[in-house]
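Quick note on numbering: the sequence shown equals residues 608 to 899 in our numbering.
Where a beta carbon is used, it is the ideal one built from N, C-alpha and C, also for glycine.
Keep in mind that this is a model prediction, so the values were computed, not measured.
Right, one structure below, let's go through it.
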Amino acid sequence: MTRDTDQPVPLQDYAVLAMIFTLWALNYIAIKISVNEFPVWTALAIRFAIIVVLLAPFVKFPKGQFRSLLLISAALIPGHLGFLFWSIQNTASVGAISVIIQLGPAFSVLLAWIFFKDAPGIKRISGLIIGFIGIVILFYEPTFFDTIDALLAGVASAFFMGTYMALVRGKDQISPLAIICWSSALGVPFSLIMALLFEAPIQETLQTASINSWIAIVYAAIASSIIAHGSWAWMLRRQPISFLAPLTLIVPVLAVFATVTIFDEPLTLHMVIAGLIVLAGMGLITISKAYK
């Protein structure tokens, strides 16, 4: 059940959120590495298969929830993840897509306001605006996106991410691991069909892929899907979306620093200042939550 908004946020919740955002930031790196050699739907099929193999023996299918899981799967798999993988595959800037995905909180807050009467409040809206300003400053560049298709795919992914968040919050009777496990199970056949219809032969791809690509897919399955998304679903039951969703703006900042570290890209004063602006927005949201 969602915690009373008048109560301070426990330190353990902040620790869990820090872990989630770090894993998600590194996930952009993992996706980029994997789609350099794996086609999108082949990569997703492998990712979902790994999740099902690891979780299915321990997670029961929630009776009477097939329709709900089907809706959640539709938002998560062809929606959020399908567009996300395709957009990253078709752009040279991982950080660019990580920023566009941050439109997800705006969509989720709007949907939560409409369906759950979860009004965000003036301070949280202000913090969200400050965070977006920081992101715009951080990545403002005329050649930011390679193609308009990648931009549109990123926006679509963000919308379906917000939809997924709202759907998960409304289904307290389904455990987080059940959502991850059985939405992935529904995603395996869909992804395989898409791969067979539109991509290179799967056997050929499996034989030529490097160990780094395999490690990246395994990371995406375990660290991002099972650990981070499972923990996020748990957090959605403890805190309102209007508080949690804007905090995900920290993810693109972490993704930039991960890109700097892993791909040896330069860290400029411009990037540091913009990152501090984003953190200022997150701080405003946090203060308004803990000391209403």
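query, result
"Residues in the same chain with beta-carbon distance under 7 Å from ALA862, minus the five sequence neighbours each way, listed in chain order, please.", "ALA632, TYR635, VAL701, GLY702 and SER705"
"Taking the CB atoms as reference points, tell me whether ILE737 and ILE884 lie closer together than 8 Å.", "yes"
"From which residue to which residue does the alpha helix (DSSP H) around LYS639 run?", "618-642"
"Along the chain, where does the alpha helix (DSSP H) containing SER838 start, and where does it finish?", "837-843"
"With a 10 Å radius around its C-beta and 16 neighbouring C-beta atoms as the bar for buried, classify GLY903 as buried or exposed.", "What is shown of the chain runs 608 to 899, which leaves residue 903 out entirely."
"Compute the Euclidean distance between the alpha carbons of ILE880 and PRO783, then round it to the nearest angstrom.", "36 Å"
"I'd like the list of long-range same chain contacts for CYS788, defined as Cβ closer than 8 Å, with 5 residues on each side in sequence excluded.", "ILE658, VAL659, LEU662, ALA663 and VAL666"
"Taking the beta carbon of SER790 as the centre, do at least 16 other beta carbons fall within 10 Å, making it buried, or is it exposed?", "buried"
"Residues in its own chain within less than 7 Å of SER715 by CB, not counting five upstream and five downstream?", "GLY769, MET772, ALA773, ILE848 and ALA852"
"For the segment 794-804 against the segment 648-657, do three or more pairs of beta-carbon atoms, one drawn from each stretch, fall closer than 8 Å, so that the two count as touching?", "yes"
"How long is the line joining the alpha carbons of LYS899 and SER733, rounded to whole angstroms?", "Interpretation of LYS899 is limited by its pLDDT of 44, a score under 50 that renders its predicted location unreliable; the figure taken from the coordinates is listed afterwards. Approximately 15 Å, taken between the alpha carbons."
"Ignoring anything shorter than 4 residues, give me the alpha helix (DSSP H) runs that lie fully in the segment 680-752, in order along the chain.", "689-696, 701-707, 710-723 and 729-746"
"Check this for me: beta carbons of ALA827 and ILE627, under 8 Å apart or not?", "no"
"Nearest to ILE829 by alpha carbon, out of ALA637, ALA816, ALA625 and ASP756?", "ALA637"
"Mind listing, in chain order, the continuous alpha helix (DSSP H) runs of no fewer than 4 residues lying wholly within the segment 767-799?", "none"
"From what residue to what residue does the alpha helix (DSSP H) around PHE666 run?", "First, the amino acid is wrong: residue 666 is Val here, not Phe. Where VAL666 is concerned, there is no enclosing alpha helix (DSSP H), given that its DSSP letter is neither H nor E."
"If you draw a straight line from the C-alpha of ALA656 to the C-alpha of LEU876, how long is it?", "42 Å"
"To the nearest angstrom, how far is the alpha carbon of LEU683 from that of LEU618?", "29 Å"
"Which residues mark the beginning and the end of the alpha helix (DSSP H) in which LEU861 is found?", "857-870"
"Decide if VAL743 is buried, meaning its Cβ has at least 16 other Cβ atoms within 10 Å, or exposed.", "exposed"
"Measuring CA to CA, which of LEU793, ARG776, PHE722 and GLN709 is closest to LEU758?", "GLN709"
"Determine the extent of the alpha helix (DSSP H) in which SER820 is found, giving its start and end residues.", "818-826"
"Below 6 Å CB to CB, which residues in the same chain sit around GLY882 once its five sequence neighbours on both sides are set aside?", "VAL860"
"Looking at the ligand SAH, does it come within less than 7 Å of ILE638, judged from the CB to the closest heavy atom?", "Summarising the ligand content, the structure contains no ligands, and the ligand SAH is consequently not present."
"Apart from the five residues on each side of it in sequence, which residues of its chain come closer than 7 Å, Cβ to Cβ, to VAL775?", "ILE679, ILE786, ALA840 and LEU843"
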